[in-house]
Amino acid sequence: MTKQEKNEVIDFLKEKFGQYNNFYITDTESLTVAQVSKLRRVCFDKKVEMRVAKNTLIRKALESIDAEKYAGVYDSLHKVTALLFSENPKDPALILSGFRTESKGEKPELKAAFINGDVFVGDNQLKALTKIKTKNEMIGEVIGLLQSPIQRVIGALQNRPEAAAEVAAAAPVEG
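Okay, so the sequence shown: first residue is 0 according to numbering that gives the first Met the number 0, each after it adds one.
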């Protein structure tokens, strides 16, 4: 690879790191060509961008953007590395987890994940990453929590005339 080609790859990676707040670093070394193709297809279907690059070029791209911000990721750059870029921080974790379940294997292995400024290192983090709530899920929960008391008040007000009629009917008439 010439110096010009390396610089093009670094520029491309810098653009991707700038475009996405979330990326996963995975080890795809022991996967067959067919498995890698299948993983790429699943990623494409879920709108997750998968790229394979040399570790030194990934590191140079990250260092040129913000060396301190990505410092926790550098130790994960070894062996064969595939990067998964996504708008949704949960999608790559679900893809990796589902792929493992389907293939009954331990690969692809999660080396690290960078989610909105936080670094998750190690394959043991994958299960926790599948449980991350997306922005829309969080908004839905907050709206549900805010609506709950209002719905109770409205329900109580709507049922009040019926309750009053039942109490009046059940009360003995004194005469």
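Heads up, the beta-carbon is just placed ideally off N, CA and C, and yes, glycines get one too.
Cβ-Cβ distance between A52 and L12 below 8 Å: yes
Residue range of the beta strand (DSSP E) that includes V51: E48 to V51
Alpha-carbon spacing of G104 relative to K46, whole angstroms: 24 Å
Exposure label - I138; buried when at least 16 CB within 10 Å: exposed
8 Å contact criterion, which E136 and D26 should meet: CB distance rounded: Actually they do not touch by this definition, with Cβ atoms about 29 Å apart.
Environment of N21 [buried if 16+ CB atoms lie within 10 Å]: buried
Element boundaries [alpha helix (DSSP H), containing V72]: Careful: V72 lies outside any alpha helix (DSSP H) and carries neither H nor E.
Expected contact under 8 Å - CB spacing of Y19 and P91 to nearest Å: In fact, because the Cβ distance is near 10 Å, the residues do not count as touching under 8 Å.
Test: F119 CB closer than 8 Å to a CB of chain D: Although the question refers to chain D, the structure presented lacks it and comprises just one protein chain.
Bounding residues of the alpha helix (DSSP H) (the contiguous stretch that carries T1): T1 -> no alpha helix (DSSP H), and no H or E assigned at all.
K79 versus S102, F43, V35 and T133, residue with shortest Cα-Cα distance: Correcting the residue type first, residue 79 is Val in the shown sequence and not Lys. Of the candidates S102, F43, V35 and T133, the one whose C-alpha sits nearest the C-alpha of V79 is V35.
Euclidean distance between Cα positions of R99 and E7: 33 Å
Boundaries of the alpha helix (DSSP H) in which T100 is found, first to last residue: D90 to S102
Under the three-state DSSP convention, the category V35 falls into: helix
Between the CA atoms of L56 and M0 - distance to the nearest angstrom: 11 Å
The beta strand (DSSP E) enclosing L76, as first and last residue numbers: Unbroken run through L76: none, as it is neither H nor E.
Helix, strand or coil at L83 according to DSSP, with G and I counted as helix: strand
Enclosing beta strand (DSSP E) for I24 [first to last residue]: N21 to D26
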